[in-house]
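The numbering of the sequence shown is my numbering, which starts it at 28 and goes up by one.
One structure below.
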Amino acid sequence: MKFAVMGGTGLIGSQVVAKLNAAGHEAVPHSLSTGTDVISGQGLAEAMVGVGVIVNLTNSPTFDEASPAFFRTSMENLLAEGQKAGVHHFVALSIVGVDQVPELPYYQAKTLQENLLTAGPIPYSIVRATQFMEFVDAILSWTTDGDTVRLPATPIQPIAAKDVADAVAEVAAGTPLEGIRNIGGPDVFPLDELGKIALAHRADGRKVVTDPTAGMFAAIKGDVLTDKNAHLAPTRFTDWLS
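Here it is in structure tokens:
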């Protein structure tokens, strides 16, 4: 089976390509660096030749009010070219709880992406993942001021990128779910505690201060970014740090 992996040179995409090819499929990575542009449409028709499955791992270059336009245009282009090519399965990676955070423009944009896919002409699967372990450093940097990192106690269920790629590849090689599969890490941490664990492991001199108003995750209410009933990945955060 031939797969077009959009965003196939990125953190998750490169691993999905490797896993599908190792399983005997033909997975081809597509991105701006390979000459495929999901916004202008350049290279999309060529990328769809002989493809049975689209795996969409592209992401907006910003997390602000511009992100909905990216997801609308990219999804409309991919759905149109995929339908023309006779693609029979469209897989998209999304976020656990994405439709329960209307305060954040990026989460609104990802919800729009899901809605376009579910209303589209191609049988689909959506894989919703919790927050990536690989993004913890970036999250800490957003609210660092000198030697202090301010973080809310928002519950987070971190998952390793490798485990996300495993789940996406498995779903892509199967029959369309016509629905959503939630995946998450095995443990839930308050974000401030997660920050303390990460900094202590690296002997980082910064200190975490709990601040319910700090950063993007301050807008998130309750435990919507976690799911105790999700398909749980095996990698624990402390093991990943090591």
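We put the beta carbon where it would ideally sit given N, CA and C, even for glycine.
Residue nearest to Pro179 within the set Pro239, Gly173, Ala199 and Gly124 is Pro239 (criterion: CA-CA distance). The beta carbon of Ala156 lies closer than 6 Å to those of Ile186, Val191 and Ile210 in the same chain, with the five residues before and after it left out. Counting C-beta pairs with one atom in each stretch, the region 60-70 and the region 89-102 have three or more that are closer than 8 Å, which means they touch. Between the region 246-257 and the region 225-233, the count of Cβ pairs shorter than 8 Å is below three; the stretches do not touch. The region 104-113 makes no contact with the region 38-55; the number of CB pairs closer than 8 Å stays below 3.
With a threshold of 16 other beta carbon atoms within 10 Å, Leu268 falls short and is exposed.
CA-to-CA, the gap between Lys29 and Pro132 works out to about 34 Å. Beta-carbon to beta-carbon, Leu84 and Phe117 are separated by about 12 Å, too far to satisfy the 8 Å threshold. Excluding sequence positions up to five before and after Ser60, its CB lies within less than 8 Å of the CB of Thr36, all in the same chain and listed in chain order. Pairing Gln42 with Asp193, the inter-Cα distance amounts to about 8 Å. In this structure Phe244 touches Thr181 by the C-beta definition: roughly 4 Å separates them, less than 8 Å. From the listed residues Ala136, Phe159, Asp214 and Phe216, the smallest Cα separation to Ile39 is found for Phe159. Within the region 52-121, the alpha helix (DSSP H) runs of at least 4 residues that lie entirely inside it are, in chain order, 71-74 and 94-112. Measuring C-alpha to C-alpha distances from Ile207 to each of Val114, Lys189, Val125 and Ala49 identifies Val125 as the nearest. Per DSSP, Val163 lies in no beta strand (DSSP E); the unbroken alpha helix (DSSP H) holding it starts and ends at Val163 to Trp169.
By the criterion of a C-beta distance shorter than 7 Å, Glu130 is surrounded in its chain by Ala246, once the five residues flanking it on both sides are discounted.
Separation of the CB atoms of Val128 and Arg177 is rounded to 20 Å, and the pair is thereby denied contact status at 8 Å.
The three-state secondary structure of Thr145, taken from DSSP, is helix. Its chain contains Pro182, Gln184 and Thr253 as the residues whose beta carbon lies nearer than 6 Å to that of Val215, once the 5 sequence neighbours on both sides are disregarded; these appear in chain order.
Measuring C-alpha to C-alpha distances from Val44 to each of Tyr151, Met75, Asp172 and Val82 identifies Val82 as the nearest.
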